[in-house]
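6 protein chains.
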Amino acid sequence: MKSLFITDIRDNQPVDSLFLVSSKNHGVTKGGSGYLTLKLKDRSGEIEGRVWDRAEDLGRTFDKNDFVHVRGQATLYQGKVQIRVRDIARVEERKIAIEDYLTKSQFDPEEMAKELMTILRGIKIPHLRALAESFFVDQTFMELFKRAPAGKSIHHAYLGGLLEHTLSLLKLILKVVENYQGINVDLLLIGGFLHDIGKVYEFSFDRAVEYTDRGQLLGHLVMEVEIVNEKIKAIPDFPEELGTLVKHMIVSHHGSYEFGSPKLPQTLEAIMLHYLDDLDGKIQSIQTLIGKEKESRWTSYHRAYGRSFFTGRPEEEKED
Amino acid sequence: MKSLFITDIRDNQPVDSLFLVSSKNHGVTKGGSGYLTLKLKDRSGEIEGRVWDRAEDLGRTFDKNDFVHVRGQATLYQGKVQIRVRDIARVEERKIAIEDYLTKSQFDPEEMAKELMTILRGIKIPHLRALAESFFVDQTFMELFKRAPAGKSIHHAYLGGLLEHTLSLLKLILKVVENYQGINVDLLLIGGFLHDIGKVYEFSFDRAVEYTDRGQLLGHLVMEVEIVNEKIKAIPDFPEELGTLVKHMIVSHHGSYEFGSPKLPQTLEAIMLHYLDDLDGKIQSIQTLIGKEKESRWTSYHRAYGRSFFTGRPEEEKED
Amino acid sequence: MKSLFITDIRDNQPVDSLFLVSSKNHGVTKGGSGYLTLKLKDRSGEIEGRVWDRAEDLGRTFDKNDFVHVRGQATLYQGKVQIRVRDIARVEERKIAIEDYLTKSQFDPEEMAKELMTILRGIKIPHLRALAESFFVDQTFMELFKRAPAGKSIHHAYLGGLLEHTLSLLKLILKVVENYQGINVDLLLIGGFLHDIGKVYEFSFDRAVEYTDRGQLLGHLVMEVEIVNEKIKAIPDFPEELGTLVKHMIVSHHGSYEFGSPKLPQTLEAIMLHYLDDLDGKIQSIQTLIGKEKESRWTSYHRAYGRSFFTGRPEEEKED
Amino acid sequence: MKSLFITDIRDNQPVDSLFLVSSKNHGVTKGGSGYLTLKLKDRSGEIEGRVWDRAEDLGRTFDKNDFVHVRGQATLYQGKVQIRVRDIARVEERKIAIEDYLTKSQFDPEEMAKELMTILRGIKIPHLRALAESFFVDQTFMELFKRAPAGKSIHHAYLGGLLEHTLSLLKLILKVVENYQGINVDLLLIGGFLHDIGKVYEFSFDRAVEYTDRGQLLGHLVMEVEIVNEKIKAIPDFPEELGTLVKHMIVSHHGSYEFGSPKLPQTLEAIMLHYLDDLDGKIQSIQTLIGKEKESRWTSYHRAYGRSFFTGRPEEEKED
Amino acid sequence: MKSLFITDIRDNQPVDSLFLVSSKNHGVTKGGSGYLTLKLKDRSGEIEGRVWDRAEDLGRTFDKNDFVHVRGQATLYQGKVQIRVRDIARVEERKIAIEDYLTKSQFDPEEMAKELMTILRGIKIPHLRALAESFFVDQTFMELFKRAPAGKSIHHAYLGGLLEHTLSLLKLILKVVENYQGINVDLLLIGGFLHDIGKVYEFSFDRAVEYTDRGQLLGHLVMEVEIVNEKIKAIPDFPEELGTLVKHMIVSHHGSYEFGSPKLPQTLEAIMLHYLDDLDGKIQSIQTLIGKEKESRWTSYHRAYGRSFFTGRPEEEKED
Amino acid sequence: MKSLFITDIRDNQPVDSLFLVSSKNHGVTKGGSGYLTLKLKDRSGEIEGRVWDRAEDLGRTFDKNDFVHVRGQATLYQGKVQIRVRDIARVEERKIAIEDYLTKSQFDPEEMAKELMTILRGIKIPHLRALAESFFVDQTFMELFKRAPAGKSIHHAYLGGLLEHTLSLLKLILKVVENYQGINVDLLLIGGFLHDIGKVYEFSFDRAVEYTDRGQLLGHLVMEVEIVNEKIKAIPDFPEELGTLVKHMIVSHHGSYEFGSPKLPQTLEAIMLHYLDDLDGKIQSIQTLIGKEKESRWTSYHRAYGRSFFTGRPEEEKED
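Those protein sequence lines, which keep their order, are chains A, B, C, D, E and F. Those letters in the first sequence? Residues 1 to 320, by my numbering. Those letters in the second sequence? Residues 1 to 320, by my numbering. Those letters in the third sequence? Residues 1 to 320, by my numbering. Those letters in the fourth sequence? Residues 1 to 320, by my numbering. Those letters in the fifth sequence? Residues 1 to 320, by my numbering. Those letters in the sixth sequence? Residues 1 to 320, by my numbering.
This is the structure in structure tokens:
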């Protein structure tokens, strides 16, 4: 457990704690001696560090993306607090607690995975059930799926967030389909399961949540088609049209071209998947925003939503 | 029951059936004699009628918006079938079956109203329950509410459609709130109940669904605020803020400015109401579109949706 | 009269002046003693204040939204000037001049109100004249109407701005209608009078211009419909359609959905009201922007307008 | 005066009237004989004509854009009325009344021109007054200016419409500037005069209103800059900046990029010109639309405006 | 070779020619006898056919999508020409010339394919050259690629159009890259080759150009990723990043979200591919539009382009 | 050559170098003595300077837009480095190297101009060639044309950038037209030459690149029409239509209304000019962005493009 988080560091304060090195650059002073400029991170934020003494020697002992033990003093420079580093040493990964560097879901990933598998094993169309199963037996995938975030910042943007969102969506689907006739719940469930799995590779999230090159260049929708094609190929006699219907839900689930879907939802299941996915993400996202500022009656203005949110609750909420 | 619907009238066919007069104009032939040009309607469509003989006399016996008994002959004029009217006579309203002129919900309005009242009587916040109750005891309102359509063409566009949509939305709300914490279900239910009630006065629907002048000039959102204000005033000590939260759901439920909401949804309940209302309308609308063309694999192109819909179903739908 | 405005405070300067407390937070130093962080305002801006000594005692004597007498020293912290407060004491509201905290119209509100009433008493349609009169006799309303701003920042954003804008619009209407036939000037005048009156309750403006909760959740258009409904109900035999035409001008006066009108202007009077309201606001707003920077040939870039404005005038302006 | 207008021609009716030939094509029947297909126009519409007999001989006597005297019989073909032409002969232009082929302003062009010149001669800045005068003495221009329409269809779309609109705008300017300070009325007047003069060459309007090639390829804004440059060059010592301010009003008067202004209005006069021009055009356009359908309470839906207009008037309009 | 094309059929004309049956429906007359309603197509258009006599017998001899020999008489019905079919008989596909039913490129597909292969064999990066080669040896693909259209209507919308467009683009690339440094021509060439190959399966084009279900549900961009993945997997040691760069060009080549690219072009090659593909399509499309109407100075208005095109050429074009 | 560039100045460093004065303001300290606040520029950036001693005397010796020799000390103020000026003296313009203050093209302007003239002298249509020649003989124009930038920031935003961009475009045109038939290369070349020449007067660029008043109020498109009109008038018998086609390319070359073209491209040459101009600008702009950040795999996010760019190159780029 870290002794000090970045968000708590004040001017003049002594620093003795662990950080992740997110960038590391060498410079030379006018006097000709070398120094290091570092960016140090933990889950609470980012701070600049400067190594003025023994920069060359110390610099050889660690690299970008290493965890380090830093000793020094906080100081104000150009209006911002930075750390004047006196000593710095690499720390082995097994000695750090990753949750000090990345936030994570409040739910247990193993529990969530179990619940998700139970739901999907209720699928009646054999080929779709087999498709779900082919992911469950893929241990590499499942390990990533349990840890992946659902995004960098919008919603469920923490370790385990992808699984949390996917499970919530599946449970929502089960409830909503009761209200309508003529919806194929199996298709909708498999669509709900697979709609974001590409995020497992769209992001890297071992030390910080970042886009991978592939993720940035292809996007999770297209990567999901690639993954699903791999799995389908291994299932004997998977009907082509059924595969197309599954992939159609994936490529259309953002709901409109502007949001990066190359196709609009054209089946009832694809339309419903889009709505429920959007609803689940928005509720989580807005509840989080409101939760952070519930002391004041209005949250600050959120540009992505073009509005503030009202945090007040009806006075009679608990009445009667 | 009508003997012949407009959609079935062919060139040269004798006509002897009931219609609604939707327009009636007098003309004079070059020879100087008067004639009548009529538009005749039933629930299947509209057709032109011409009265060449005894036009003055016959014209005195009925008016626009009357039901009439027409005898004559179908004939082709300028590429379109019209009725050359030999005889026409006004029919008393009590002798016609309104469902021959307006389509209606397949569900029984009394049953739906009962189910809706049961749900809303489950509201726990006393003032909100009282607000719902104040509508139930307003018999004039309830009669209209049971008959009103939810629109002219988009979704639930038939007699009883408003009640059908409102009830479906309330049931959907009850299911969806189970999946989330921190949503005030009472607020959401009263919002669901009231979100479209202005349509009761936005449309006239005794013979055809038309916008009223007030409906066209003010819109159902604003009219709902007026109605709710009336009801709230009659409830002792209704908290002002609670009223504001209810009215906020109403004025924001279209979800964005472009769709005519003067305010964006700024509470969790308002956001959820918007999503679920939109979902319920879309599902009903698209299922209707698909239902009409399920013989072909694709529906025709729908400009409002910017797409065709796929009507194919997974082959394994009934498998296992 | 304040001795010192925030905009004039420099590093190291002694401070001895009155301010409005816009926020007040308690903190604890590492040494364990309490301190206060304040936001202090006047009409020229906002500045941070810190109370390090006797924070507990001093903090008990005043609250957020109080006016205070502050004694201390300006000092630079993290690149910004703040006040290190030595002494602070609550000042009674009757001892401060509100115009030190809020800017106001350069015109006399009583004069403007008189001119406005004279114009509106020239309305010929009796029910519309009665509607105007019903506001004039509502003293609570009239007091607010004379003080309310027309906005937080866009145009006429100062005390009395709403009345100034409304009067200017009425005078503009009187001139413009001379150029056209078939415009009902009475409708247009009452529309001009009522189009923004909801701002009286949309904003609170006793110490700073802020949105009220109701204002933010319902908006001034909807609130105006509520107010007008109240007044109309008290006028015997007010024709429903006439009321609808008045309310239509209100709900459509922003001119398009994107700007928050739930209905587009559909009568000549509503269209003209939208144009003239927009013109009057824009002229005042842009003249203010140009006035602030008339020393340079171009104003800075204004994002809301997507442009800079040219401040140069034709050389021959005074010629001949 | 024409004896029969196209809009009044019915199936089977004998035709003996004058028309404008808007297209003329030769064809050959299967039997090998030649025939002519014509489009014939007058101010009320367009109709097809067919010449089956003596097509070669008759065809030699007239050409596209000629006026002709047609004798024949109306007949229904493929659901549309056309004229089976028995005889056709060219008519000299001096024998026809152009207003039978093009609608025109209800105001006298000479009277309007006089009023416009009087207003513009009130300009105080000598160079601007000289600029106006340089147009008045250009007889070729003035003749066109008195006859030109302001458009093909949107507003003031008839002979003399450009002058009518320009004069109305100048009178509007004179009224509106009284309400504001700091507006240079001379600039605004010259801008109002010149803002649409390019339409004189953008359209041809001797027989029908059509875009010229130059008009279509350059547009009236750019053509106006060309014209104004010509005039300015002939005025000694016209200050360059003054010319730029005039041309700026021209190139920005459509108000936004989407409406074809390559520059946004950046001076107060340019902004006001845009608003008042837009207002004047809209009022004329919408009053015309309402005038055409005032029998019904609502006009038909106008796509360009995205709405219908309410034609009802307040019942108390003439009261008191 | 067909003796008569639909576009040339006139009222009353005898018909004796070959057509494609695009729809076939059975009906029953009031008299109780069966009849057939057909849609018949060739490359010039579509016409309705009615079989009144021996409908049952004749109907058994052919089906939708068959080619048929039709004998009958053209006749006018409800303002449109249709064929009253006297005799109809199925014709074997080998007896018809497909180009009577579908238009095709004016260039020889074998020649185009050769030229395309020569260009792509000039690629220097071995894995990319191998990727191109893997398509050349896939005979099934190459046969389709030589026949496929590039679209239903926008550009190169005829048999062989895909190959014609692809080849033109490759040649354009070779020229344009000479003007810039730092562009990887190999990447750009492979991108140009593959950017539209999914159209081979997005459309069916054996009798008419139609979207396939897969094409409509997934779109050619996504289908191309699937195809390229198949090919890459069979090439030993194909570098993953190289594959990603190829697929990035594919998924981004429409250039913006609104046009269905799920990713924006983020490499120089992807950006250039987008521009040159767009240019090549537009030039072919607009040249075709102008070519069809070069008799008049302006083409008709094309909604997709929001404009007419000027067909006039500079008079001095051949001068000097 | 300057001894020190602004970008290299650090806190506490002595300063002794040349700068451009971009603003100069007088102030008075609380003590009553005068001081100067300066903005100093060179091609690397901008820095604030303060003169505390002898401010009045020193201030009389130089003005805004002068070059000055500054001696003083860098110091940190409110978190930013500024220069505390000890001595400052005006430097004659002939003694400074303008490229220290403005960046410039890496290509020799004389060489570029020669190559451009050679290309344009290859035009075959005599009047177009004469039009090009009329610019070449205009020495004032040519001097400006060789020095002008193509913009303030978007692309080719440095001295000589306009010529560099124009030449690159002409060479691109020559290549691309080989791929298409029916394009008039002469028109396209003259369009390419003239499409941006208005920038010569739209910007001032003797000390910094700034919009001129005329440039800001009229824009380079309109100014180009003015310039071309001047030149055409001096060429005997220049055909009006040919001039219109040239000017059409100019006024439409931004390609859409949103980007400030008052007309859409309506000829093949205008369409092609728009595409190739856009391509050439984008390639230069994006290559510059990538060049600046090629150390990291992704550039930072560019708002104007709505994306980051990938800087990675295919590993096999140099293979084979």
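Backbone N, C-alpha and C fix where the C-beta goes; we use that ideal spot for every residue, glycine too. For clarity, every value in this text was computed on a predicted model and none was experimentally measured.
Quick one: which chain G residues come within Cβ less than 8 Å of C/R297? The structure shown contains no chain G; the protein chains it does contain are A, B, C, D, E and F.
C-alpha gap between E/P314 and F/Y201, whole angstroms: The alpha-carbon atoms of E/P314 and F/Y201 are separated by roughly 29 Å.
Identify, in the order they occur along the chain, each residue of the same chain with its Cβ nearer than 6 Å to the Cβ of D/G59, setting aside the five sequence neighbours on each side. For D/G59, where only same-chain residues beyond five positions count, the Cβ hits under 6 Å are L36.
Under DSSP, the alpha helix (DSSP H) around F/S252 begins and ends at which residues? Run containing F/S252: E240 to S252, per the alpha helix (DSSP H) assignment.
Using three-state DSSP, classify D/P14 as helix, strand or coil. Note: D/P14 maps to strand in three-state DSSP.
My output table needs one value for C/K292: the three-state DSSP class, helix, strand or coil. Correct three-state label for C/K292: helix.
By Cβ distance below 8 Å, which residues in the same chain neighbour C/R43 in space, the five residues on each side in sequence not counted? Taking C-beta separations shorter than 8 Å and ignoring five residues to either side along the sequence, the partners of C/R43 in its chain run F5, E99, D100, Y101, L102 and T103, following chain order.
Continuous beta strand (DSSP E) stretch holding B/G160: start and end: DSSP places B/G160 outside any beta strand (DSSP E), giving it a letter other than H or E.
Find out if the Cβ-Cβ distance for the pair A/T244, E/L218 is shorter than 8 Å. Yes. Within cutoff.
Just to confirm the assignment: which complete beta strand (DSSP E) runs, minimum length 3, are found wholly within the stretch 22-49 of chain C? Those beta strand (DSSP E) runs which fall completely within the stretch 22-49 of chain C and span 3+ residues are 34-42.
Hey, does F/G242 have any beta-carbon neighbour from chain D nearer than 8 Å? It should be pointed out that residue 242 of chain F corresponds to Leu in this sequence rather than to Gly. The beta-carbon of F/L242 is placed no less than 8 Å from the nearest beta-carbon of chain D.
When DSSP labels each residue in this structure, what does F/T75 get in the three-state scheme? Residue state, collapsed to three classes: strand.
Is there a Cβ of chain A sitting closer than 8 Å to that of F/G72, yes or no? Not a single CB atom of chain A sits nearer than 8 Å to the CB of F/G72.
Under the three-state reduction of DSSP, which class applies to C/D320: helix, strand or coil? Here C/D320 scores only 48 on pLDDT, less than 50, and its place in the model is too uncertain to base an answer on.
Nearest-angstrom Cα distance between F/S3 and F/L40? It is roughly 15 Å from the alpha-carbon of F/S3 to the alpha-carbon of F/L40.
Between F/H195 and F/I250, is the Cβ-Cβ spacing less than 8 Å? Yes, the Cβ-Cβ distance between F/H195 and F/I250 is below 8 Å.
Against chain B, with Cβ distances strictly below 8 Å, would A/F310 count as a contact? Residue-level contact by beta carbon holds for A/F310 and chain B, with a gap shorter than 8 Å.
Would you say C/L218 lies against chain A (beta-carbon separation less than 8 Å)? By this cut-off, C/L218 is not an interface position.
Could you say which of F/P262, F/Q106 and F/M117 lies nearest to E/R307 if we only look at CA atoms? When only C-alpha atoms are compared, the closest one is F/P262.
Are B/L163 and B/I173 touching if we call contact CB-CB under 8 Å? In terms of Cβ geometry, B/L163 and B/I173 do not form a close pair [threshold 8 Å].
Can you tell me which residues form a DSSP beta bridge with A/E210? A/S204.
E/L276 beta carbon near the ligand ZN (any heavy atom closer than 7 Å): Absent from the structure shown: the ligand ZN. Ligands present: none.
Residue-chain proximity (A/V225, chain E), Cβ-Cβ < 8 Å: Interface residue, yes.
Who are the Cβ neighbours of B/H302 in its own chain at under 8 Å, not counting the five residues just before and after it? Taking C-beta separations shorter than 8 Å and ignoring five residues to either side along the sequence, the partners of B/H302 in its chain run L289, S308 and F309, following chain order.
At the 8 Å Cβ level, is D/V251 part of the contact set with chain F, yes or no? Closer than 8 Å to some Cβ of chain F, the Cβ of D/V251 qualifies, so yes.
Rounded to whole angstroms, what is the Cα-Cα separation between F/K24 and F/I283? About 39 Å.
Who pairs with D/D237 in a beta bridge, going by DSSP? None; D/D237 has no bridge partner.
Which residues in chain D sit within 8 Å of F/Y257, going by Cβ to Cβ distance? In chain order: Y257, E258, F259 and G260.
Taking one C-beta from the stretch 121-134 of chain D and one from the stretch 230-246 of chain D each time, how about it: are there three or more such pairs within less than 8 Å? The stretch 121-134 of chain D vs the stretch 230-246 of chain D: in contact.
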